[in-house]
Amino acid sequence: MVELFWLLLPIAAFSGWWIGRYRSQQEHDDRAPPLPADYLRGLNFVLNEQPDKAVDVFLKMVEVDSETVETHLALGSLFRRRGEVDRAIRIHQNLIARPNLSAKQRLTALYHLGLDYMSAGVLDRAENLFIQLLSNDEFRESSLLQLFEIYQQQHDWEQAIKTVEQLTTQKQALIQQILTHLHCELVEESRLQGATDRAQKFLKKAAVYNTKHIRVQILQARLLQDKGHYKQSLRVYSQLVLEHPGVIPILLNDIARIYGALDRNEEFVDFLRDIVTKLNNEVEIALLLNVLFSQEKDINFIEQMIEKAEGRANLWTLRVLILVFLERSVESENNYLKQLKSFVEKLMNEKSSFQCRQCGFSGYEFYWQCPSCKTWDTVKPVHGSLSFDLPEQATTMNNIKCEVI
Numbered sequence: 102m103v104e105l106f107w108l109l110l111p112i113a114a115f116s117g118w119w120i121g122r123y124r125s126q127q128e129h130d131d132r133a134p135p136l137p138a139d140y141l142r143g144l145n146f147v148l149n150e151q152p153d154k155a156v157d158v159f160l161k162m163v164e165v166d167s168e169t170v171e172t173h174l175a176l177g178s179l180f181r182r183r184g185e186v187d188r189a190i191r192i193h194q195n196l197i198a199r200p201n202l203s204a205k206q207r208l209t210a211l212y213h214l215g216l217d218y219m220s221a222g223v224l225d226r227a228e229n230l231f232i233q234l235l236s237n238d239e240f241r242e243s244s245l246l247q248l249f250e251i252y253q254q255q256h257d258w259e260q261a262i263k264t265v266e267q268l269t270t271q272k273q274a275l276i277q278q279i280l281t282h283l284h285c286e287l288v289e290e291s292r293l294q295g296a297t298d299r300a301q302k303f304l305k306k307a308a309v310y311n312t313k314h315i316r317v318q319i320l321q322a323r324l325l326q327d328k329g330h331y332k333q334s335l336r337v338y339s340q341l342v343l344e345h346p347g348v349i350p351i352l353l354n355d356i357a358r359i360y361g362a363l364d365r366n367e368e369f370v371d372f373l374r375d376i377v378t379k380l381n382n383e384v385e386i387a388l389l390l391n392v393l394f395s396q397e398k399d400i401n402f403i404e405q406m407i408e409k410a411e412g413r414a415n416l417w418t419l420r421v422l423i424l425v426f427l428e429r430s431v432e433s434e435n436n437y438l439k440q441l442k443s444f445v446e447k448l449m450n451e452k453s454s455f456q457c458r459q460c461g462f463s464g465y466e467f468y469w470q471c472p473s474c475k476t477w478d479t480v481k482p483v484h485g486s487l488s489f490d491l492p493e494q495a496t497t498m499n500n501i502k503c504e505v506i
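Numbering follows our numbering, with no gaps: position 251 of the sequence shown is 352.
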């Protein structure tokens, strides 16, 4: 019933147009024009949930009166939003074929057809239509935005950069944020290909737009790590986790790998202890204490640090408390505590690790760009739901695998 209500909206728009026309004619002529028979037939098909027949009727109406174009555009848009893209494409293609359309009406229909193709995943056709529309000032900006979306979907970051640079929007801060990320995507791509010099070139371009962006600094540290400059890399990582504790779940793997490459397990423990004592964020303290517990069982130190993390209840704090109790418990209590630990870890595993603050998308992986709403910098850790697969006794840092589940 709800879908039927929305489907009737464009019909209502057409009715409003017809009534306006009817009243205008009444002022000059006592004879009111009859309601078009095709309109009544189309409305009847809509009410009887026969959309294909309704589409046929409304398409024929275009041949009768070009003033119904707006109604057809609205109907096509509605079909597209409902996921009935084939019907939307059919309506817009037929509109474009009408010889009596004005130039603006034709361009509007072309734009909507491009949106149809995007919804259908036919990106090459959509791209061609939006490129055609770039020569028209009225449609240029909106077409550039659609082209940008296409290039993002295709991970064609260089084309996406060229497109964004042509936008004339006043939201320059947003443009700079997007350009920072697009260049960072090229850095990531180059790193995967082993092209370190190329990655460094793109990182410099990203820094031009925002040298203080967290992602720029993380990639700076990772490039230093790739080149074997471990001490410099660790300095950047250390500064980041102190200034932005929320990135700890993202960076802990990198830090562990560096100490593993240096074969300095004890220094990794010292690093964890140092960061814990400097942090004021209860959740991150509890998270690191869990990691620290797997490296060394200095119960006195961990108990002292737990006091700092008691200001905010979370699963991490509960888990590390259970680990401490297990160490101090007698054998008869162990089974109960182990069972409780298992329950807590099950709860942690069932919770999403990251969530988008913009649209609510949640998942187990971190993204700089939300896969759902496509906004940048909105995916954040869900505190208390991150779990690290760290061995109880790590013999070498190369064996440490930190993953989000």
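For each residue, glycine too, the CB sits at the ideal point set by N, CA and C.
Because the structure is a prediction, the values reported are computed rather than measured.
CB of residue i within 8 Å of CB of residue j, strictly
i, j, result
"F462", "S473", "yes"
"Q316", "H282", "Sequence inspection shows Arg at residue 316; the Gln mentioned does not correspond to that position. Taking 8 Å as the Cβ cut-off, R316 and H282 qualify as a contacting pair."
"L230", "L245", "no"
"V384", "N415", "yes"
"A210", "L174", "yes"
"Q254", "L275", "no"
"F303", "L325", "no"
"L280", "I262", "yes"
"E428", "K398", "yes"
"Y212", "L234", "yes"
"D257", "T297", "no"
"L268", "E242", "yes"
"I68", "L176", "Only positions 102 to 506 of the chain appear in the structure, and residue 68 is not among them; the question remains open."
Rounded distance between the beta-carbons of residue j and residue i, thought under 8 Å
i, j, result
"G417", "L393", "The sequence shown places Trp at residue 417, rather than the Gly named in the question. Actually they are not in contact, since the Cβ atoms of W417 and L393 sit about 12 Å apart, beyond 8 Å."
"I407", "L424", "Going by Cβ atoms, the distance from I407 to L424 rounds to 10 Å, so no, they are not a contact pair."
"K42", "V483", "Coverage of the chain is limited to positions 102 through 506, which leaves residue 42 absent and any answer about it impossible."
"Q206", "V265", "About 29 Å; that fails the 8 Å criterion."
"W477", "Q278", "6 Å"
"Q396", "L373", "7 Å"
"L300", "Y331", "Per the sequence shown, residue 300 should be read as Ala rather than Leu. Actually they do not touch by this definition, with Cβ atoms about 18 Å apart."
Residue(s) in a DSSP beta bridge with residue i
i, result
"Q456", "S463, K481"
Residue i - DSSP class collapsed to helix/strand/coil
i, result
"Q233", "helix"
"Q470", "strand"
"T312", "coil"
"L380", "coil"
"L441", "helix"
"N57", "In the structure displayed, the chain extends from 102 to 506; residue 57 sits before or after that span and is not available."
"L335", "helix"
"T264", "helix"
"S430", "coil"
"H256", "coil"
"T476", "coil"
"K398", "coil"
"T281", "helix"
"R358", "helix"
"A296", "coil"
"L487", "Note that L487 scores a pLDDT of 47, beneath 50, so its modelled location is shaky and nothing firm can be said."
"V223", "coil"
"T209", "helix"
"N415", "coil"
"T270", "coil"
"D217", "helix"
"S173", "Checking the sequence shown, residue 173 turns out to be His, not Ser. Correct three-state label for H173: helix."
"K302", "helix"
"K328", "coil"
"V165", "For V165, the predicted model reports a pLDDT of 41, less than 50, meaning its position is unreliable and no value from the coordinates is stated."
"R183", "coil"
"R365", "coil"
"H345", "coil"
"L136", "With a pLDDT of 46 at L136, under the threshold of 50, the modelled position of that residue is not reliable, and the figure given next carries that caveat. Reduced to three states, the DSSP call for L136 is coil."
Check: residue i C-beta below 7 Å from any heavy atom of the ligand SAM
i, result
"L202", "The ligand SAM is absent from the structure shown, which contains no ligands of any kind."
Test: residue i CB closer than 8 Å to a CB of chain C
i, result
"V337", "Absence of chain C from the displayed structure is noted, only one protein chain being present."
Is it a yes or a no for the stretch 214-226 touching the stretch 434-447, going by three-plus beta-carbon pairs under 8 Å? Because the criterion of three Cβ pairs below 8 Å is not met, the stretch 214-226 and the stretch 434-447 do not touch.
If contact is defined by three or more beta carbon pairs under 8 Å, each pair taking one atom from either stretch, is the stretch 329-338 in contact with the stretch 307-316? Segments in contact, no.
Counting beta carbon pairs with one atom in the stretch 341-350 and one in the stretch 368-382, are three or more of them shorter than 8 Å? Touching, per the Cβ criterion.
Kindly confirm or deny that the stretch 345-355 and the stretch 363-370 touch, where touching means at least three C-beta pairs closer than 8 Å. Touching, no, given that fewer than three Cβ pairs across the two stretches are closer than 8 Å.
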